[in-house]
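Each remark here refers to the structure printed beneath this line.
Protein chains: 2
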Amino acid sequence: MEIKIEIIGFGTVGMGFLEILNKKANILKEKYDFLPKIVAITDKMKGSLIDEEGIDIQRLLKIIKEGGDLKDYNNGFFAFEERNSLDIIEEIKSDILIEMTYTNLNTGEPATTHIKKAFEKGKHVVTSNKGPIALYYKDLKKIADEKNLLLGIEGTVLSGTPVFNLIEETFPPNSIKRIKGILNGTTNYILTKMETEGMSYESALKKAQELGYAEADPTADVEGFDALAKVLILSNVIMEGDLKKEDITREGITRISSDDINEAAKSGYRYKLIGSVEKEENGKIKASVKPLKISFSDPLSGVSGATNALTFETDLLGSVTIQGPGAGKIETGFSIMIDVLRIFKKINKQERK
Amino acid sequence: MEIKIEIIGFGTVGMGFLEILNKKANILKEKYDFLPKIVAITDKMKGSLIDEEGIDIQRLLKIIKEGGDLKDYNNGFFAFEERNSLDIIEEIKSDILIEMTYTNLNTGEPATTHIKKAFEKGKHVVTSNKGPIALYYKDLKKIADEKNLLLGIEGTVLSGTPVFNLIEETFPPNSIKRIKGILNGTTNYILTKMETEGMSYESALKKAQELGYAEADPTADVEGFDALAKVLILSNVIMEGDLKKEDITREGITRISSDDINEAAKSGYRYKLIGSVEKEENGKIKASVKPLKISFSDPLSGVSGATNALTFETDLLGSVTIQGPGAGKIETGFSIMIDVLRIFKKINKQERK
Chain Y
61 MEIKIEIIGF GTVGMGFLEI LNKKANILKE KYDFLPKIVA ITDKMKGSLI
111 DEEGIDIQRL LKIIKEGGDL KDYNNGFFAF EERNSLDIIE EIKSDILIEM
161 TYTNLNTGEP ATTHIKKAFE KGKHVVTSNK GPIALYYKDL KKIADEKNLL
211 LGIEGTVLSG TPVFNLIEET FPPNSIKRIK GILNGTTNYI LTKMETEGMS
261 YESALKKAQE LGYAEADPTA DVEGFDALAK VLILSNVIME GDLKKEDITR
311 EGITRISSDD INEAAKSGYR YKLIGSVEKE ENGKIKASVK PLKISFSDPL
361 SGVSGATNAL TFETDLLGSV TIQGPGAGKI ETGFSIMIDV LRIFKKINKQ
411 ERK
Chain P
61 MEIKIEIIGF GTVGMGFLEI LNKKANILKE KYDFLPKIVA ITDKMKGSLI
111 DEEGIDIQRL LKIIKEGGDL KDYNNGFFAF EERNSLDIIE EIKSDILIEM
161 TYTNLNTGEP ATTHIKKAFE KGKHVVTSNK GPIALYYKDL KKIADEKNLL
211 LGIEGTVLSG TPVFNLIEET FPPNSIKRIK GILNGTTNYI LTKMETEGMS
261 YESALKKAQE LGYAEADPTA DVEGFDALAK VLILSNVIME GDLKKEDITR
311 EGITRISSDD INEAAKSGYR YKLIGSVEKE ENGKIKASVK PLKISFSDPL
361 SGVSGATNAL TFETDLLGSV TIQGPGAGKI ETGFSIMIDV LRIFKKINKQ
411 ERK
C-alpha cells in the first residue's frame, strides 16, 4: 500500500531515513506491502522539492552523494527561496508529516506549529525534534488522540534504540516507578576518556570535539541541557507528569575532576551524568540531571563511550535496562523508520476494515 | 471484553500469572476493557478445576495462600484423578490455552501435543515451556499462521524481559547479524560469586543451591543445557534457522577455576557463559554455548548475579543490549500476561470489525 510522506527539515537524520528507505525497499515491500512515496521535502537552507508522483529516492541520494542537493533533482517542482512550510503542509496531500527541523528548547518552534497544522489536516506525525515534545507533548497528544492520529516520537530519546515503543508494546501492565539513565553521549564519552585514559576534562572535551561528538560551543551537552530535555520528555510522556524545565534540577559535568574520578574508582564507583525521573509515594514526579557516583555493579556503570542507556524500575519485572546508540545518522534515521512503519500498519488495518 | 482462558500445568509461573491478573484487574479492565475469565486449570499433581462461569481468582489465591489447593475451591467441577488434559482442551470452550507443563527437552511432550490440539480447536496459545519451542517451533508456527492464531513465547527466554516482542515490535526493518547473551542466571550467579568473593566453584554452587537458584542436581544449568535450549529457540525463531540440539557446540562452566577468573581479571576480562547465534555470510546459522572471556567494556561483562542479558547486533542500529530478570514467579508470570494481552488486542480488533 502506498503511503505519502512529506519531510520538513532535511539534515543528517532525513538523509539517514532516505538511505534506510532505499536500502530496505525490497523488505518493506515484500514483508509489509509498504510503498513509501516521498511527495515533498522542504528545508530552510536547501529549498523545497515537491513531486506528487513521488521523489525517486535512489536518484536523489546519488545526486547528494555526488555533491549536489535538492535543487539538482530537476523534476517535479523546486523553489530555492523557501516555500512556506505551513503552505506545504496545507496544500500537499500526504498521510504522514516527518518533522525534523532544528530543536529549539525555549519555544519549540517552528516544529510545534508544523505538527499542529499537520494534525489539522488529518496527517500523522513523526518527529525526532525534542523541542515540541519536551514543551508541549500533552497538548499535541490530546489533539492527535481526538483525531485518531499517531504522534511518533521514538527518536527524541536514545535515537532509534527502543524506548517509547518498547514501553508501549512490551511493558503493560507494569507500573514504572523510576527511570534513570545515560541520555547524553558526549558527556559519557568525556567521562569515559577521563577515567580510562586519565585525560583531563579539557583534553577529553577537545577529543570529543575533534570526533564531532561535541560542538564548538559544548554548553548544551556538558551543562546537561540536552539531557534535561530528554528527562522532561520521559517525565511527561512515560510518567505522565506535567513538569516544566524549571522543575528539574540540573547540573553538568564541568565540575568533575580527574581526581574525583580516580577517588571514586578506588572504592568501586564511576561518575556518570544520570538523568532520573521518579514517581514519589504521593504521585508527585521528581526529576533531575546530575553527575552521580554509580556502583560498578549497576548496569549503567558499564555503559562506556558515546553509548546511551536507560534503566526502568517496574513493579512486576523489577529492573530492565536497555542500552544502545543515542545518536547517529542511520540510528536516528531508523527511529523515524520504525514510527513510520507503525503508522503504516495502523493505516493499513483501517483501510482493510 | 471477556476472554476465556484455560491453564495446563499449574506451578510457580501459573501462580505468578494469577497474582498479576488479581493485582492488575482494575487497570486491565479500565485501560483495555480486558476481562480475563479462567475457565479451567488442570495439573498432573493437583487435579483439574473447571468452572465455565470463571474461577474466582481472588478466592483461589486466598485458598492457596492458606495452604489449600485446587481441590479446596469447592465450586465448579473438580476431579482429583487427573482429567485427561487433551479432553479438556477438546471439550472446554476457551480463547487461549496457557501451556505451562514441565519442560522436556528430549521430546517436547506433553506440551507439543497440547499446543497442537489447542490450535486444532481454534485456540491461541501462550507458553513459557522451552521444550516444544526449542524442538518444534517451525511446525507449530506454521499451523498457527494457517489458522490465523497467535503463539506467544515471550517467557521461553529471559522470562518476562522483552525479547521476542521487543524484536517484533521495535526492530524492523533491521536485519540481525548476531545475538549473544547471558541466558542462565544460575551459572552467572556462580561466576559472579567466584570473581567478587573469591569463592571456589564448589562453594559458589552450594550457595546457589541454598538460595534456590540451582537444583540439587545442577547439571542442566552448569553444563549449559538450559542455555542451549534458549540458544536453539533464538536460532530458530529469530534467526530463522533450522538447527537441532546436536548442531550447537555446548560447554558448561565446571572447568573454570578461580585461577582462570583471577588471571582474566588482571588483563581486563571476565568469564561469562555466553550463548551465541550468528548468521554467516553464506546464510548459515552457527550457534554455541560456552564460557568466554569478555572485555570489561562489553555491556555483557557488567551483568552480575542471577540477571540475564542479550545483545543484538543489527545493520541499522548497531548493538542494542537488553538486561533484566531471567527467572522468577512474577517475572515469568508477566511473560504470560504480556502475550495474553497481545492476543486479547488481536481478538478485540477482529471482533470490532
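The listed protein sequences derive, respectively, from chains Y and P. First residue of the first sequence? That's 61 in the numbering used here, and the numbers climb one at a time after it. First residue of the second sequence? That's 61 in the numbering used here, and the numbers climb one at a time after it. Ideal Cβ placement from N, Cα and C applies to all residues, glycine included. A quick note: this is a predicted structure, and the numbers were derived from the prediction, not measured.
Taking only runs of the beta strand (DSSP E) that begin and end inside the segment 68-140 of chain Y, which ones reach a length of at least 3 residues, in chain order? 95-103, 107-110 and 137-139
With three or more beta-carbon pairs closer than 8 Å as the criterion, would you say the segment 236-244 of chain Y touches the segment 359-368 of chain Y? yes
What separation, rounded to the nearest whole angstrom, lies between the Cα atoms of P:GLU262 and P:MET299? 36 Å
Could you give the residue range of the beta strand (DSSP E) that holds P:ILE236? For P:ILE236, the enclosing beta strand (DSSP E) starts and ends at 236-242.
Have a look at P:MET397, P:LYS406, P:ASP399 and P:ILE390 and flag the residue whose alpha-carbon is nearest the alpha-carbon of P:THR72. P:ILE390
Would you kindly check if the distance between the Cβ of P:ILE123 and the Cβ of P:GLU66 is under 8 Å? no
Is there at least one Cβ from chain P nearer than 8 Å to Y:GLU90's Cβ? no
Assuming contact is defined by CB atoms lying nearer than 8 Å, are Y:TYR329 and Y:PRO351 in contact in what I supplied? no
Reference P:PHE285; option with closest CA among P:PHE224, P:THR246 and P:LYS89: Looking at P:PHE224, P:THR246 and P:LYS89, the one whose alpha-carbon comes closest to that of P:PHE285 is P:THR246.
With a threshold of 8 Å between beta carbons, is P:PHE394 in contact with chain Y? yes
Can you tell me whether P:THR102 is buried or exposed? The criterion is at least 16 other CB atoms within 10 Å of its CB, across all chains shown. When all chains shown are included, P:THR102 counts as buried.
Can you find a C-beta in chain P that's less than 8 Å from the C-beta of Y:GLN383? yes
Tell me, please, whether the CB atom of P:PHE380 is closer than 8 Å to any CB atom in chain Y? A small correction: the amino acid at residue 380 of chain P is Val; Phe does not occupy that position in the sequence shown. Interface residue, yes.
Alpha carbon of Y:PRO233 to alpha carbon of Y:ILE149, nearest angstrom: A straight line joining the alpha-carbon of Y:PRO233 with that of Y:ILE149 spans about 37 Å.
In this structure, how does DSSP classify P:VAL400 when only helix, strand and coil are distinguished? helix
Unbroken beta strand (DSSP E) runs of length 3 or more, entirely within the segment 266-297 of chain P: which are they? none
What residue does the alpha helix (DSSP H) around Y:THR216 start on, and which one ends it? Y:THR216 -> no alpha helix (DSSP H), and no H or E assigned at all.
According to DSSP, simplified to helix, strand and coil, what is Y:GLY384? Correct three-state label for Y:GLY384: strand.
Contacting residues, own chain, Cβ-Cβ under 8 Å from P:GLU275 (five flanking each side not counted): Exclusion of the five residues before and after P:GLU275 leaves GLN269 and ASP281 as the residues of its chain whose Cβ lies within less than 8 Å of its Cβ.
Y:GLY191 - containing alpha helix (DSSP H), residue span: 190-206
Chain P residues whose Cβ lies nearer than 7 Å to that of Y:LYS84: Neighbourhood of Y:LYS84 in chain P, by CB distance below 7 Å: PRO233, in chain order.
With 9 Å as the limit, tell me which residues of the segment 197-215 of chain Y have their beta carbon closer than that to any beta carbon of chain P; keep them in chain order. For the segment 197-215 of chain Y, which is checked against every Cβ of chain P, the residues closer than 9 Å are GLU214.
Closer than 8 Å is the cut-off here; do at least three beta carbon pairs connect the segment 372-381 of chain Y with the segment 381-399 of chain P? yes
Give the single residue among P:ILE313, P:GLU283, P:ALA347 and P:ILE156 whose Cα lies nearest to the Cα of P:LYS304. Considering only alpha carbons, the answer is P:ALA347.
Can you give me the C-alpha to C-alpha distance between Y:PHE179 and P:ASN368, rounded to a whole angstrom? Those two C-alpha atoms are separated by around 42 Å.
Give me the chain Y residues within the contact set of P:LEU401, using Cβ-Cβ distance strictly less than 9 Å, ordered along the chain. PRO232 and PRO233
Go ahead and label P:TYR249 buried or exposed: buried means 16 or more other beta carbons lie within 10 angstroms of its beta carbon, across all protein chains shown. buried
Could you compute how far the alpha carbon of Y:THR279 sits from the alpha carbon of Y:ILE316? 15 Å
Who are the neighbours of P:PRO222 on chain Y, taking C-beta pairs under 7 Å? Neighbours of P:PRO222 across chain Y, judged by C-beta separation under 7 Å: LEU226 and THR230.
The segment 65-82 of chain Y: positions lying closer than 7 Å to chain P by Cβ: ILE80
Return the CA-CA distance between Y:ASP277 and Y:GLU283, expressed in angstroms with no decimal places. If I take the Cα positions, the gap works out to 11 Å.
Interface partners of Y:GLY386 on chain P, CB under 9 Å: Simply none; closest approach about 11 Å.
If Y:VAL185 and P:THR221 are in contact, beta carbons under 8 Å, what's the gap, nearest whole angstrom? Actually they do not touch by this definition, with Cβ atoms about 31 Å apart.
Compare the C-beta of P:GLU391 with all C-beta atoms of chain Y and state if any pair is closer than 8 Å. yes
Report all residues from its chain with a CB closer than 7 Å to the CB of P:SER188; omit the five preceding and five following residues, and keep chain order. VAL73, MET160, GLY215, THR216, THR392, SER395 and ILE396
Taking 8 Å as the CB-CB cut-off, is P:PRO96 touching chain Y? no
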